[in-house]
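Heads up, the thing below is written out as structure tokens.
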Amino acid sequence: VGRPIPTVETRIVDAEMRDVPPGERGEIVHRSPQLLTGYWGRPEETAEAFRGGWFHSGDVGTMDEEGYITIVDRTKDVINTGGVLVASREVEDAILTHPAVSECAVIGLPDPRWIEAVTAVVVLRQGQRATEAALIEHARRTLAAYKVPKRVILVEALPRNTAGKLLKRELRATYGGQAEALPGVA
Numbered sequence: 147v148g149r150p151i152p153t154v155e156t157r158i159v160d161a162e163m164r165d166v167p168p169g170e171r172g173e174i175v176h177r178s179p180q181l182l183t184g185y186w187g188r189p190e191e192t193a194e195a196f197r198g199g200w201f202h203s204g205d206v207g208t209m210d211e212e213g214y215i216t217i218v219d220r221t222k223d224v225i226n227t228g229g230v231l232v233a234s235r236e237v238e239d240a241i242l243t244h245p246a247v248s249e250c251a252v253i254g255l256p257d258p259r260w261i262e263a264v265t266a267v268v269v270l271r272q273g274q275r276a277t278e279a280a281l282i283e284h285a286r287r288t289l290a291a292y293k294v295p296k297r298v299i300l301v302e303a304l305p306r307n308t309a310g311k312l313l314k315r316e317l318r319a320t321y322g323g324q325a326e327a328l329p330g331v332a
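Numbers 147 to 332, taken from our numbering, label the letters of the sequence shown in order.
Here is the structure:
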């Protein structure tokens, strides 16, 4: 992304609002007189986003020693698997390197053992084939064991809004209630 605007104070913080060291992941928060003060007619969302005098962006990122920010994921897309946090984008990037994969969305689905099971929802390229086991094995080559998907769901298309934005909440709603019934590799 780059450096913060000079008139906006920007920090990368942990859940207790403590600054994280350079290079470590945390939530990106901002404070400035120029910043919006709330969402019109949405008091609950305003209260959630504006806490302790800081605007909580919902973005997970890092800041290097020179102040450059990199966005890693959205806080709502970070998966808590077995008490360890996994950035969905990192898992998506690994799966997208498989030659048969056209699109991929990674979500956390409720799981009694893992809290959330890392789950990849995948669209294959036209005319290509890949199995759930093959895609999991592919991810295993580049990801730490706890980041490897427990399940892969093959679909024809990913849900998107009219602007083309991926709707992960719809995937969670569609597959979240049937997580126990889904096939998977533990």
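Where is the CB? At the ideal position from N, CA and C, for every residue including glycine.
| Query | Result |
| --- | --- |
| Between which two residues does the alpha helix (DSSP H) holding Asp239 run? | Ser234 to Ile241 |
| Ordered along the chain, which non-local residues of its own chain (more than five positions away) have a Cβ less than 8 Å from that of Val206? | Arg171, Gly172, Glu173, Ile174, Ile217, Val218, Asp219, Arg220, Thr221, Val224 and Ala233 |
| Count the other CB atoms, across all protein chains shown, that sit within 10 Å of the CB of Glu190; report buried if there are 16 or more and exposed otherwise. | exposed |
| May I ask you to verify whether the segment 188 to 203 touches the segment 263 to 282, counting CB pairs closer than 8 Å and requiring at least 3? | no |
| Residue ranges of each beta strand (DSSP E) run of no fewer than 3 residues wholly in the segment 211 to 270, ordered along the chain? | 215 to 220, 224 to 227, 230 to 233, 247 to 257 and 261 to 270 |
| Could you check which residue in Asp257, Val264, Val301 and Thr288 has the C-alpha nearest to that of Thr277? | Val301 |
| Please list the segments of the alpha helix (DSSP H) lying wholly inside the segment 275 to 323, counting only runs of 4 or more residues, in order along the chain. | 278 to 286 and 314 to 322 |
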